[in-house]
Amino acid sequence: MTHHHAFTRIGVIGAGAWGTALANVAARAGHSVDLWARDAHHVAAIARDRVNAKKLPGIALDAKVSPASDHAGIAAADLILLVVPTQSLRGVAQRFAPILKPGAPVVVCAKGIEQGTDLFVSDIIAQTMPGRQPAVLSGPSFAHDVARGLPTAVTIAASDAALAEQIGAALATPSFRLYHTDDLRGVEIGGAAKNVLAIACGIAAGRGLGASAGAALVARGFAELSRFGRAFGARGETLMGLSGLGDLVLTCGSIQSRNFALGVALGEGMPLARASGGKLAEGAFTASAILDLARKRHVEMPISQAVDAVLAGRLDIGGAIDTLLARPLRGEG
Ligand SMILES: NC(=O)C1=CN([C@@H]2O[C@H](COP(=O)(O)OP(=O)(O)OC[C@H]3O[C@@H](n4cnc5c(N)ncnc54)[C@H](O)[C@@H]3O)[C@@H](O)[C@H]2O)C=CC1
Ligand SMILES: O=C(CO)COP(=O)(O)O
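The sequence shown maps to residues 1 to 333 in our numbering.
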C-alpha cells in the first residue's frame, strides 16, 4: 500500500561534504532542515560561521538549515537522509532507529558495501531499522558542484515506486533533478562498484598510461560492474543510467573524485598509507567486500580484483598493470 507523504521537515544525519550539500538542496527545495553531526565542536563552528569550513569550505549554509548535535530535530523530521560513510552506517542507523518518527522514510546517500557482512546499504537499513522503508539516492554528483547550484541529475530508488517519486519531488530544485526508479538494488550497486573502478582509473592516470588506457578501463570496468549488477538482480537500464554508467564516467574522469585521486597518488608511487590524503575513499573499503560477493556468484571482476590486491599490499602497481594486460584474450561481452 502506498501512503502519500507530505515532507516538510527534513533531517540530515552526517555533516560531511555530501550531507551539508544535501541539506542545502533540501532547504532550497523549501523545507526546514535539521543537520546532525556527532561532534558538538564541529556543530558549534558550523552554526557560528554558517559554513562547514572543515568539509565543504566556501559554501554558505542556507538560512533554513539548523545544525545540531542533539537528536531533537532528527526525531521531528518526516524524511531522513543518512549521509555517513558506509562503514559507519550500521552504527548510526542503530543509534537513530529508536527515535525517528514512525513512518518517516530513510534515504541512504552513502555509496559502498559493508565489510564483514558484505551487505548493500539498503540491507543494512533493513537489519537495523526493521519496518522502515529504505530508499537510496545515488548518481553523478560532486558535493561542491551540487552545493554551488551547478546542474546535477541523480537517481532516487525505493522498492515502492510511488515513494521514490514522492521523495524525488520533495528534493528537486531547478538545478538538482532526481529520476526515480524501483530498482533499489541496481542503484546501490552502481554507486558501490564505481568507487572501486575509479581507483583503477586513477592508478592508470597517475602512472601516465594515457587517455586510451583510461577509456579502456572505463569500458571494461563498466562490463564488470554490469556483470556484477546482473548477478545480483539489477536491471540493465539502471546500470546504464545515472547511478551506474553516469557515476562511473564522472568518477573515473575527474581529480575531484577522492577515489580517483587516491588512485592517482598510488599510480605516482605514493605509499598506500598516505595516498588518500586523509580523505574518505569509499572504494578502498568496498573493494574486498565486492570481490567476496563476486567470488560467491562466480562473477569475473579483474579490474576490481587488481585494485583490491594493490590496496591489500598483495600486488604492486606494475604487477597489477601486468596482470590486467596479460589476461587471456576473450570475447568482448
Ligand atoms: N562528497 C561527495 O561528493 C559525495 C559523497 N557521497 C557519499 O556520501 C557518503 C559520505 O561522504 P562525504 O560526506 O563526502 O564524506 P566526508 O568525509 O566529507 O564526511 C563524512 C562525515 O561522516 C561523519 N561520520 C563518520 N562516521 C560517523 C559516525 N559513526 N557517526 C557520526 N558521524 C560519522 C564524519 O564525521 C564526517 O563528517 C559516502 O558514502 C560517499 O560515497 C555520495 C555522493 C557525492
Ligand atoms: O560519489 C561521488 C560523485 O558522484 C563522489 O566521488 P568520490 O567519493 O570519489 O569523491
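The beta-carbon is built from N, C-alpha and C at its ideal position, and this holds for glycine as well.
In this text, all values refer to a predicted model and were calculated from it rather than measured experimentally.
- Scanning 228, 163, 216 for the CA closest to the CA of residue 253 turns up 216.
- For residue 91, the uninterrupted alpha helix (DSSP H) run begins and ends at 86-96, by DSSP.
- Around the beta carbon of residue 319, fewer than 16 other beta carbons lie within 10 angstroms, which makes this residue exposed.
- Here DSSP, grouped into helix, strand and coil, assigns residue 159 to coil.
- Apart from sequence neighbours up to five positions away, the residues of its chain that approach residue 235 with a beta-carbon distance below 7 angstroms are 183, 186, ordered along the chain.
- Selection 171, 69, 88, 164 evaluated against residue 181 yields 164 as nearest (Cα-Cα).
- Residue range 106-108 is occupied by the beta strand (DSSP E) that includes residue 106.
- Remark: C-beta atoms of residue 281 and residue 250 do not approach each other more closely than 8 angstroms.
- Judged by DSSP in its simplified three-state form, residue 299 adopts coil rather than helix or strand.
- For ligand 1, a non-hydrogen atom lies closer than 7 angstroms to the CB of residue 85.
- Measuring C-alpha to C-alpha distances from residue 70 to each of 173, 106, 95 identifies 95 as the nearest.
- Taking 8 angstroms as the cut-off, the Cβ atoms of residue 128 and residue 110 do not count as close.
- A direct Cα-to-Cα measurement between residue 11 and residue 324 gives close to 44 angstroms.
- Under the rule that a run must span 4 or more residues, the alpha helix (DSSP H) segments found entirely inside the region 10-60 read 17-28, 40-49.
- Bridge pairing for residue 176: 152, 173 [DSSP].
- Across the set 142, 67, 156, 259, the C-alpha of 156 shows the shortest separation from the C-alpha of residue 108.
- For residue 198, the enclosing alpha helix (DSSP H) stretches over residues 184-206.
- Nearest to residue 264 by C-alpha distance, out of 300, 25, 307, 239, is 307.
- Residue pairing by DSSP places residue 120 opposite 113 in a beta bridge.
- A buried status is given to residue 105, since no fewer than 16 other beta-carbon atoms sit within 10 Å of its beta-carbon.
- For the pair residue 61 and residue 248, the Cα-to-Cα distance works out to about 29 angstroms.
- If you compare the alpha carbons of 7, 65, 30, 44 with that of residue 19, the shortest gap goes to 65.
- Under the rule that a run must span 4 or more residues, the alpha helix (DSSP H) segments found entirely inside the region 228-278 read 236-239, 247-252, 258-267, 272-275.
- The Cβ atoms of residue 124 and residue 77 do not sit closer than 8 angstroms to each other.
- With distances taken between CA atoms, residue 102 lies nearest to 74 out of 74, 90, 114, 122.
- Check the Cα spacing between residue 189 and each of 311, 28, 120: the tightest is with 120.
- Between the alpha carbons of residue 89 and residue 146 lies a gap of roughly 22 angstroms.
- Boundaries of the alpha helix (DSSP H) harbouring residue 74: 72-76, taken from the DSSP string.
- When C-alpha distances from residue 42 are compared across 32, 55, 285, 34, the shortest belongs to 55.
- Out of 269, 171, 168, the CA that lies nearest to the CA of residue 205 is found in 269.
- Residue 135: not part of any alpha helix (DSSP H); member of the beta strand (DSSP E) spanning 134-138, first to last residue.
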